[in-house]
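Number of protein chains: 2
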Amino acid sequence: MAYRRTADIQARLDAQRARLLAAAIELVATSGYAGCSVNAVAARAGVASGTVYNHFANKSDLLAEVFRTVVRREVDAVRGAATSSGSLTQRTTAIVETFAERALTAPRLAYALLAEPVDPAVDGLRLQFRAAFRDIIADSIAAGVRSAELPPQNASLVAAALVGAIGEALIGPLVGQPDPATVPTLVTFALRSLGASDAAHA
Amino acid sequence: MAYRRTADIQARLDAQRARLLAAAIELVATSGYAGCSVNAVAARAGVASGTVYNHFANKSDLLAEVFRTVVRREVDAVRGAATSSGSLTQRTTAIVETFAERALTAPRLAYALLAEPVDPAVDGLRLQFRAAFRDIIADSIAAGVRSAELPPQNASLVAAALVGAIGEALIGPLVGQPDPATVPTLVTFALRSLGASDAAHA
DNA sequence: GTCTATAGTTCGATAGAC
DNA sequence: GTCTATCGAACTATAGAC
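Protein sequence lines correspond, in order, to chains U and L.
Residue numbering for the first sequence follows the numbering used here, beginning at 58 and increasing consecutively.
Residue numbering for the second sequence follows the numbering used here, beginning at 58 and increasing consecutively.
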């Protein structure tokens, strides 16, 4: 064979793919999916539009990769908060604060992840990533039930409710001017909803 | 003018449009958006597929009309529950039960409304209809705060959280085998989350 | 209803790597 | 010399304006 994909070439290809992905993420974070045209991504990454198709099958595939990449960060951050040591109240507070503060710090991007209408192929990923958050929170709730910090409850169902609650509540603040008390309100909401004994004083 | 749209003709057109809409709703309720192809809708309504485009600009437009029609029923039902007389606890219980029981009675349709990936044009309607539910619930919460049944809180933000919570929590039960305690669990969740004084005993 | 603009995708030509 | 990544213009489809 006359041409073989050497390690050097592969590294260059990988780097280019990463540049395209980073460019797409920046565009979504700035102006949502509407600003993330194939041409704009290519231009920002410094390549021709056709080159995008050497790395991604089509635009949906590119957007899906953007989505997965960004969501993975968020899931990891929330997992870190959920597995920190401390009481159920401390863990829950950390989870909600982590999720909400990160979203409010990058509101345009968070809106794209949580709610912005998008290609069904990408929309389907929302279901998966919400399930990931749910499972993390369900573990924390189950631990709280075992330690009697919480009354018995269906941890998975309640965790799904919490994920939906935080996500939906943030949509308004993400698109408009957020009430400065948004995060504390959500923490209180979460603690109360679980039946944590000290929720009323939060 | 050689052709005038008489009242008779108009009535026939309206009836045909209604039949198409009903057919589309039945198909979505049975097999989701995937089963709601233009051909299937036309066949079920007993017309040629081209006729569909006499009444709807395109498939997105048809689906949007399906969505609006079905959601309007649900919003009306929840509004009825929210404006019934009674305590904050009774109202909240009625709201959650109405929403959840109706969803669990027609699970495939509810899943299509709440979560199924779909054309962005239709997806955008989800934002609108969740805002409608939010406003209804926010009114109920605000009344509860005024009557001191609830502690002071941002009614709109908390209402959005509740809408998200119930919607997201239902997705699992809608696609799988629901825990029989799903609805009571969600009622308890809702009452606790608002800080209702008797939530712990629910 | 037609026309125009825009955006996703394709494809032949080119240049550079093996 | 052969192969492949890249380019960028052309194609196609769709949406919005007049």
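Beta carbons: idealized from backbone N, C-alpha and C, even for Gly.
Exercise. What whole-angstrom Cβ distance do Val-109(L) and Leu-77(L) have, given they're in contact under 8 Å?
Worked result: 6 Å
Exercise. Does Ala-259(L) come within less than 8 Å of chain U when only Cβ atoms are used?
Worked result: A caution first: Ala-259(L) carries a pLDDT of 45, below 50, which makes its placement in the model unreliable, though a value can still be read off. With 8 Å as the cut-off, Ala-259(L) does not count as an interface residue toward chain U.
Problem set entry | Any 3 or more C-beta pairs closer than 8 Å across the stretch 227-247 of chain U and the stretch 160-173 of chain U | yes
For this session: Using a cut-off of 8 Å between C-beta atoms, extract the partners of Val-175(L) located in chain U.
Result: Pro-177 and Asp-180
Exercise. With 16 as the cutoff for other CB atoms within 10 Å, does Ile-193(U) come out buried or exposed?
Worked result: buried
For this session: Give me the Cα-Cα distance between Ser-117(L) and Thr-140(U), rounded to the nearest whole angstrom.
Result: 44 Å
For this session: Enumerate in chain order the residues of its own chain whose CB-to-CB distance from Val-158(L) is below 7 Å, with the five nearest sequence positions on each side excluded.
Result: Note on residue identity: the sequence assigns Glu, not Val, to residue 158(L). Only Val-240 meet the Cβ criterion.
For this session: Output the distance between the C-alpha atoms of Phe-113(L) and Leu-214(L), rounded to the nearest integer angstrom.
Result: 36 Å
Exercise. Just the Cα atoms here: how many angstroms apart are Leu-184(U) and Val-202(L)?
Worked result: 34 Å
Problem set entry | Ser-142(L) versus Gly-221(L) - alpha carbon distance | 25 Å
Exercise. Within this structure, are the beta carbons of Leu-145(U) and Leu-207(U) separated by less than 8 Å?
Worked result: yes
Exercise. Cβ of Gly-201(U) less than 8 Å from any chain L Cβ?
Worked result: no
For this session: State the DSSP-derived secondary structure class of Leu-171(U), mapped to helix, strand or coil.
Result: helix
Exercise. Using the beta-carbon count (16 or more within 10 Å), is Ala-195(U) buried or exposed?
Worked result: buried
For this session: Run the CB neighbour count on Arg-130(L), radius 10 Å, all protein chains shown included, and call it buried at 16 or more, exposed below.
Result: exposed
Exercise. What's the C-alpha gap between Ser-94(U) and Phe-190(L)?
Worked result: 34 Å
Exercise. Can you tell me where the alpha helix (DSSP H) with Gln-147(U) in it begins and where it stops?
Worked result: 145-162
For this session: Pick out the complete alpha helix (DSSP H) segments inside the stretch 200-240 of chain U, 4 residues or longer, and give them in chain order.
Result: 212-232
Problem set entry | Assumed close pair Arg-165(U), Ala-102(U) - CB separation to whole angstroms, cut-off 8 Å | Not a contact, Cβ separation roughly 20 Å.
Exercise. At what residues does the alpha helix (DSSP H) containing Thr-140(L) begin and finish?
Worked result: Per DSSP, Thr-140(L) belongs to no alpha helix (DSSP H) and is neither H nor E.
Problem set entry | Alpha-carbon spacing of His-258(U) relative to Gln-210(U), whole angstroms | Any answer about His-258(U) is weak, because its pLDDT of 48 lies below 50 and its placement is not dependable; what the coordinates show is given next. Taking the straight line from one Cα to the other gives about 22 Å.
For this session: Compute the Euclidean distance between the alpha carbons of Ala-75(L) and Ser-106(L), then round it to the nearest angstrom.
Result: 15 Å
Exercise. Under a CB-based cut-off of 8 Å, is Arg-62(U) close to chain L?
Worked result: no
Exercise. To the nearest whole angstrom, what separates the beta carbons of Ala-81(L) and Val-98(L), a pair I think is in contact under 8 Å?
Worked result: 5 Å
For this session: Please go through the same chain and pick out, in chain order, the residues whose beta-carbon is closer than 6 Å to the beta-carbon of Ser-197(L), but skip the five residues on each side of it.
Result: Ala-139 and Arg-148
Exercise. Three-state secondary structure (DSSP) at Val-104(U)?
Worked result: coil
Problem set entry | Near-chain L residues of the stretch 184-214 of chain U - C-beta to any C-beta below 9 Å | Leu-184, Arg-187, Ala-188, Arg-191, Pro-208, Gln-210, Asn-211, Ser-213 and Leu-214
Problem set entry | Residues from the stretch 232-247 of chain L in contact with chain U, defined by Cβ distance under 9 Å | Asp-236, Ala-238, Thr-239, Thr-242, Leu-243, Thr-245, Phe-246 and Ala-247
Problem set entry | Alpha-carbon spacing of Met-58(U) relative to Arg-125(U), whole angstroms | Caution is warranted here: a pLDDT of 47 is assigned to Met-58(U), below 50, making its placement in the model unreliable, and no coordinate value can be reported.
For this session: Would you identify the three-state DSSP class for Phe-113(U), choosing helix, strand or coil?
Result: coil
For this session: Could you work out which residues of chain L lie near Leu-219(U), taking near to mean beta carbons separated by less than 8 Å?
Result: Ala-222
For this session: Answer with yes or no whether the minimum CB distance from Val-128(U) to chain L is below 8 Å.
Result: no
Problem set entry | Proximity to Phe-156(U) [Cα-Cα], best of Ile-223(U), Ala-64(U), Ala-68(U) and Ser-250(U) | Ile-223(U)
Exercise. Does the beta carbon of Glu-131(L) sit closer than 8 Å to a beta carbon anywhere in chain U?
Worked result: no
Exercise. Are any of the Cβ atoms in chain U nearer than 8 Å to that of Ala-226(L)?
Worked result: yes
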